[in-house]
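**Student:** Before anything else, here's the structure in question.
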Amino acid sequence: MPLDRNSIARRAARELRDGMYVNLGIGMPTLVANHIPDDMTVWLQSENGLLGMGRFPYDDEVDPDLINAGKQTVTGVAGHSFFDSATSFSMIRGGHIDLAILGAMEIAQQGDIANWMIPGKLVKGMGGAMDLVAGVKKVIVMMDHTNKKGDPKFIPECTLPLTGKNCIDMLITDLCVMQFDKDRKRFVLTELAPDVTLEELQAKTTAEFEVAGELQTITA
Amino acid sequence: MFDKVYDSPDAALEGVVKDDMIVAVGGFGLCGIPELLIVALRDSGVKNLTAVSNNAGVDDWGLGLLLQTRQIRKMLSSYVGENAEFERQFVSGELELEFCPQGTLAERMRAGGAGIPGFYTKTGAGTLVAEGKPTMDFEGESYILERGIRADLSLVKAYAADRSGNLIFRKTARNFNPLVATCGKVCVAEVEKIVDTGDLDPDQIHTPGIFVDRIVQTDSEKRIEQRTVTERS
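Read top to bottom, the protein sequences are chains A and B. Numbering of the first sequence is given in our numbering, commencing with residue 7 and proceeding in unit increments. Numbering of the second sequence is given in our numbering, commencing with residue 207 and proceeding in unit increments.
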């Protein structure tokens, strides 16, 4: 059975480590924040200038001067800090952020990502996504394995304008987990969602990938 | 005695606005935008602006006001998803648009203000953003040359100023504002309170007054784009 959004987020949260500095992209990746273990310190960075992002505010705590990169009102945890946008992207581009978890429209088999523009249709802009994939130590993409029409999103070459080339380290979808092998320049399938078969995955994938010797079932 | 304080946003812009100029504007979404200076810029009747700002406001607030009146000819931004009028003008070809990655935009402002005409970054290498730009390899990786930005006019929003133009920002309303302040030939700051020179703690000043030419105090509306709350259990 394919994973629901919360289960994908729960699986992604297993990549978190105590003390990590992490940037979560807008949309599905923000759900990962709900699955940070209580005994773990994870510093969430919001690229508009906040390190140590906390929960959404109670009604009487709402402050228009305190928002996240999705323009939502937020709070800070103990030890949070504010800074300007150049400092924020020094953290990102300079390789100081340990992990970024992003959504994607398309992922190509050699680790390219497209997630910012559909020519003639969607003109919103890349925001900080290009900086994140270029500079963060580890980049995980979480997405549905196919689009709303059922077409594969993990494909040989991106058809949409790229956000970055050869920059994805790990792919977590509703069907599987893949790790990018930098030497072989290929994704390696390591986990399948419960009751999802390799044949079903291959039928919904046009990208080439390798299969690990021991396939695990995703336990979320 | 020399004083940077002006009585109103209109007065603060008098003599520094001209057609075809480049104006850099602080803010992230509607957070930390110089909201009443933008209104005054619209009311000045200036035409053919090139506006450099991370976002384009919403349809009826922020830079969206200047899009409604077609006073902006070109936008340089990283994300404009909140503005339907923007999308309409761009798709119909009325508005010129240059997308710039957010970190690159911040660094271009910082560089422009610091007298650095260009710098190399990995951001955008191999994408549409790299098209037409010189590249150079460093340690086996491709980097693209991005240019520093110098604006004719900078508009920023701060929390507090002293009469000498030293600025303190508040929380995430800081965002692009300190960088915008440095990259303009003239910088006008809209602030929530003005104190006498000497009354701000020098250790807490984010933008030293050398970067700020004019100050005006306003009552900001501070609109919220996504009011998201936790229910008390």
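Where is the CB? At the ideal position from N, CA and C, for every residue including glycine.
How long is the line joining the alpha carbons of V422/B and K399/B, rounded to whole angstroms?
**Tutor:** About 9 Å.
**Student:** Thinking L301/B and Q295/B are a contact (beta carbons under 8 Å), I'd like their distance in whole angstroms, please.
**Tutor:** Yes, they are in contact, since the Cβ atoms of L301/B and Q295/B sit about 4 Å apart, within 8 Å.
**Student:** Secondary structure at D213/B, three-state DSSP: helix, strand or coil?
**Tutor:** Three-state result, D213/B: coil.
**Student:** Measure from the C-beta of A379/B to each C-beta in chain A and report whether the shortest distance is under 9 Å.
**Tutor:** Chain A contact via Cβ: present.
**Student:** Ignore the nearest five residues each way along the sequence and tell me which others in I322/B's own chain have a CB closer than 6 Å to its CB.
**Tutor:** Same-chain partners within the cutoff: G354.
**Student:** Buried or exposed: I124/A, going by 16 or more other Cβ atoms within 10 Å of its Cβ?
**Tutor:** Exposed, because fewer than 16 other Cβ atoms sit within 10 Å of the Cβ of I124/A.
**Student:** I want to verify the contact list: residues of chain B whose CB lies under 8 Å from the CB of S87/A, in sequence order.
**Tutor:** Result: empty, since nearest Cβ-Cβ is about 10 Å, beyond 8 Å.
**Student:** Please report the straight-line C-alpha distance between G76/A and G82/A, rounded to a whole angstrom.
**Tutor:** About 15 Å.
**Student:** Would you give the residue range spanned by the beta strand (DSSP E) that T179/A belongs to?
**Tutor:** It spans M176 to T179 - the beta strand (DSSP E) in which T179/A sits, taken as one unbroken run.
**Student:** Around the C-beta of Y64/A, are 16 or more other C-beta atoms found within 10 angstroms, so that it is buried, or is it exposed?
**Tutor:** Y64/A is exposed by the Cβ-count criterion.
**Student:** Return the chain-ordered ranges of every beta strand (DSSP E) run that is complete within the stretch 253-286 of chain B and spans a minimum of 3 residues.
**Tutor:** 255-258 and 278-283, all fully within the stretch 253-286 of chain B.
**Student:** Please confirm whether K171/A and A367/B have their CB atoms less than 9 Å apart.
**Tutor:** Not in contact: K171/A and A367/B (Cβ atoms no closer than 9 Å).
**Student:** When you compare only the Cα positions, how much space is there between L359/B and A84/A?
**Tutor:** Each residue's Cα considered, the two are about 38 Å apart.
**Student:** Cβ of L311/B less than 9 Å from any chain A Cβ?
**Tutor:** L311/B counts as touching chain A.
**Student:** Check for me: the beta strand (DSSP E) holding R248/B runs from which residue to which?
**Tutor:** Looking at the DSSP string, R248/B is not in any beta strand (DSSP E); the run it does join, the alpha helix (DSSP H), is E241 to D249.
**Student:** Hey, out of P35/A, E21/A, I146/A and L30/A, whose CA is closest to D10/A's CA?
**Tutor:** Among P35/A, E21/A, I146/A and L30/A, the Cα nearest to that of D10/A is on P35/A.
**Student:** Just reading off the alpha helix (DSSP H) that E313/B is part of, what are its end residues?
**Tutor:** Run containing E313/B: Q308 to G319, per the alpha helix (DSSP H) assignment.
**Student:** If you follow the beta strand (DSSP E) that F325/B is in, where does it begin and where does it stop?
**Tutor:** Its beta strand (DSSP E) spans residues G324 to T327.
**Student:** I'd like to confirm the pairing. Which residues does DSSP put opposite E168/B in its beta bridges?
**Tutor:** With chain B represented from 207 up to 439, any question about residue 168/B goes unanswered, as that position is not in the structure.
**Student:** Going by DSSP, what residue range makes up the alpha helix (DSSP H) through E205/A?
**Tutor:** Residues L204 to A209.
**Student:** In whole angstroms, what separates the C-alpha of A15/A from that of H102/A?
**Tutor:** C-alpha separation (whole angstroms): 23 Å.
**Student:** My understanding is that G268/B touches G319/B, with C-beta atoms under 8 Å, so please give their C-beta distance in whole angstroms.
**Tutor:** Rounded, the Cβ-Cβ distance is 22 Å, inconsistent with contact.
**Student:** If we ignore side chains and look at the alpha-carbon of each, how far apart do K253/B and Q277/B end up?
**Tutor:** Between K253/B and Q277/B, the C-alpha separation is close to 5 Å.
**Student:** Residue range of the alpha helix (DSSP H) that I98/A falls in?
**Tutor:** S91 to R99 is the extent of the alpha helix (DSSP H) around I98/A.
**Student:** Below 8 Å, can you find three or more Cβ-Cβ pairs linking the stretch 242-261 of chain B to the stretch 211-224 of chain B?
**Tutor:** The stretch 242-261 of chain B, when compared against the stretch 211-224 of chain B, does touch it at the 8 Å Cβ threshold.
**Student:** Take D180/A as the anchor and find which of G25/A, I174/A and L198/A has the nearest alpha-carbon.
**Tutor:** That would be L198/A, whose Cα lies nearest to the Cα of D180/A.
**Student:** Is the beta carbon of F325/B less than 9 Å from the beta carbon of E352/B?
**Tutor:** Yes, they are a contact pair.
**Student:** Taking Cβ to Cβ, would you say A120/A is nearer than 9 Å to C164/A?
**Tutor:** Going by C-beta atoms, A120/A is nearer than 9 Å to C164/A.
**Student:** Which class does S227/A belong to by DSSP, given the choice of helix, strand or coil?
**Tutor:** Because chain A here runs from 7 to 226, residue 227/A falls outside it and cannot be looked at.
**Student:** Confirm, please, whether the CB-CB distance from F62/A to V47/A is below 9 Å.
**Tutor:** Note that residue 47/A corresponds to Thr in the displayed sequence, not to Val. It is not a contact, given that the beta carbons lie outside the stated cut-off.
**Student:** Between N261/B, Q410/B and A379/B, which lies nearest to I73/A when the distance is taken from Cα to Cα?
**Tutor:** Closest by alpha carbon: A379/B.
**Student:** At what residues does the beta strand (DSSP E) containing Q78/A begin and finish?
**Tutor:** Q78/A -> no beta strand (DSSP E), and no H or E assigned at all.
**Student:** Alpha carbons only, please: which of T434/B, R420/B, K280/B and T436/B is nearest the one belonging to A218/B?
**Tutor:** Selected option, being the one with the closest Cα: R420/B.
**Student:** DSSP beta-bridge partners for Y27/A?
**Tutor:** Beta-bridge pairing links Y27/A to W49/A.
**Student:** Going by DSSP, what residue range makes up the alpha helix (DSSP H) through D65/A?
**Tutor:** Neither: D65/A is in no alpha helix (DSSP H) and is coded neither H nor E.
**Student:** Since M315/B and C389/B should fall inside the 8 Å C-beta cutoff, what is the C-beta to C-beta distance between them, to a whole number of angstroms?
**Tutor:** 4 Å between Cβ atoms; contact.
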